[in-house]
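Q: So for the sequence shown, the working numbering puts the first residue at -14; every next one is plus one.
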Amino acid sequence: MTHEEMEGAEPETPPPPSRAEEPPQEDPDWFEGLPGRRFRVAMPPQLTLLNANQRPHHYQRAEITKVLRRAGWAASRGIPHLERAHIIGVLHPNDRQRRDPANWYPSFKACIDGLVDQGVLDDDDHTRVIGPDMRIGHVVKGGRLVLHIRDLTSVDVAVDLRK
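1. Can you tell me which of the three DSSP states glycine 104 falls into?
2. Look at histidine 133 and arginine 62 and say whether their C-beta atoms are less than 8 Å apart.
3. Assess contact between the stretch 37 to 45 and the stretch 64 to 84, defined as three or more Cβ pairs (one per stretch) separated by less than 8 Å. Is contact present?
4. Confirm, please, whether the CB-CB distance from isoleucine 72 to aspartate 120 is below 8 Å.
5. Going by the DSSP bridge assignment, what does valine 114 pair with across the sheet?
6. Return the CA-CA distance between asparagine 88 and aspartate 110, expressed in angstroms with no decimal places.
7. For aspartate 136, write down the residues that DSSP places opposite it in a beta bridge.
8. Beta carbon of alanine 56, beta carbon of valine 114: below 8 Å?
9. Classify leucine 76 as helix, strand or coil using the three-state DSSP reduction.
10. Could you check where the alpha helix (DSSP H) with alanine 27 kicks off and where it finishes?
11. Tell me which residues share the same chain as glutamate 6 and place their Cβ nearer than 7 Å to its Cβ, disregarding the 5 neighbours each side in the sequence.
12. Going by Cα to Cα distance, which pick from Arg129, Pro20, Leu106 and Gly18 is closest to phenylalanine 93?
13. Would you please state the rounded distance, in angstroms, between the beta carbons of serine 139 and glycine 18? I believe it to be under 8 Å.
14. When the Cα atoms are used, what is the spatial distance from proline 86 to proline 65?
15. Which class does valine 131 belong to by DSSP, given the choice of helix, strand or coil?
16. Roughly how far, in whole angstroms, is the beta-carbon of valine 105 from the beta-carbon of leucine 67, given that I think they are within contact range, below 8 Å?
17. In the DSSP assignment, the alpha helix (DSSP H) including leucine 53 goes from what residue to what residue?
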């Protein structure tokens, strides 16, 4: 697709998550033994992801980022406002190839920006968010990203995020 064709094209809207496609609850519990409410935000499968090693045209990168951000916004409906949070991002690949989960940081970042757009977080700066810590999960057909969020707002822990 040429740049001119892309300008007139509508950005892809992520499909709504389907309960039938939900992966089973992850094992391990990423926050096992830690206090605070926990939330799981699963993106729809088969989204085009951004990898730090890719060098797409800036327009194409912006369109993919917009779709990922919308997916994060849509998937986080129903999660209450959190003042502070710890986020673990899990990449569920579509096959068993070796991967460096940190390379998918641009995708995780766009999804977390969707949480901010939804009002779950006021901002995703260092004073409000720990992470995202990226991990590899089990294989899921089509691949998907899942954000595991731990609420630090009511946790009676001496966590000063401003350091």
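Every residue gets a Cβ at the ideal spot worked out from N, C-alpha and C, and that includes glycine. Please read these numbers as outputs of a predicted model, since none were measured by experiment.
A: The short version:
1. In the sequence shown, the residue the question calls residue 104 occupies position 119. Correct three-state label for glycine 104: coil.
2. Within the sequence shown, numbered from 1, the residue matching residue 133 stands at position 148. Within the sequence shown, numbered from 1, the residue matching residue 62 stands at position 77. For histidine 133 and arginine 62, no; Cβs fall outside 8 Å.
3. no
4. Translated into positions along the sequence shown, residue 120 becomes position 135. Translated into positions along the sequence shown, residue 72 becomes position 87. It is worth fixing the name first, because residue 120 is arginine in this sequence and not aspartate. Not closer than 8 Å, so no.
5. Start at 1 with the first residue of the sequence shown, and residue 114 comes out as number 129. Paired residues: Ala70.
6. Within the sequence shown, numbered from 1, the residue matching residue 88 stands at position 103. Within the sequence shown, numbered from 1, the residue matching residue 110 stands at position 125. Answer to the nearest angstrom: the Cα atoms are 20 Å apart.
7. On the sequence shown, residue 136 is found 151 positions in, with the first residue counted as 1. DSSP lists Ala70 as the bridge partner or partners of aspartate 136.
8. As a working mapping, residue 56 is identified with position 71 in the sequence shown. As a working mapping, residue 114 is identified with position 129 in the sequence shown. No, these two residues do not count as a Cβ contact at 8 Å.
9. Your numbering for residue 76 matches position 91 in the sequence shown. The answer is strand: DSSP assigns leucine 76 an E or B state.
10. What you label residue 27 is simply residue 42 of the sequence shown in a count that begins at 1. Counting along the chain, no alpha helix (DSSP H) covers alanine 27; the unbroken beta strand (DSSP E) around it starts and ends at 23 to 27.
11. As a first step, residue 6 must be located in the sequence shown, where it is residue number 21. Reliability fails at glutamate 6, whose pLDDT of 40 lies under 50, so the model's placement of it is uncertain and the value that follows must be treated cautiously. Cβ within range, chain order: Pro30.
12. Walking along the sequence shown from the start, residue 93 turns up at place 108. Nearest C-alpha to phenylalanine 93 among Arg129, Pro20, Leu106 and Gly18: Arg129.
13. Taking the first residue of the sequence shown as position 1, residue 139 is located at position 154. Taking the first residue of the sequence shown as position 1, residue 18 is located at position 33. At roughly 17 Å, the Cβ-Cβ gap does not stay under 8 Å, so serine 139 and glycine 18 are not in contact.
14. Residue numbering aside, residue 86 sits at position 101 when the sequence shown is read from its first letter. Residue numbering aside, residue 65 sits at position 80 when the sequence shown is read from its first letter. Rounded to whole angstroms, proline 86 to proline 65 spans 28 Å at the Cα level.
15. For the purposes of this step, residue 131 is identified with residue 146 of the sequence shown, where counting begins at 1. In this structure, valine 131 counts as strand in the three-state DSSP scheme.
16. Here residue 105 corresponds to residue number 120 of the sequence shown, with the count starting at 1. Here residue 67 corresponds to residue number 82 of the sequence shown, with the count starting at 1. Right, the Cβ-Cβ distance comes to about 6 Å (below 8 Å), so this counts as a contact.
17. On the sequence shown, position 68 is the one that residue 53 refers to. Per DSSP, leucine 53 belongs to the alpha helix (DSSP H) from 43 to 60.
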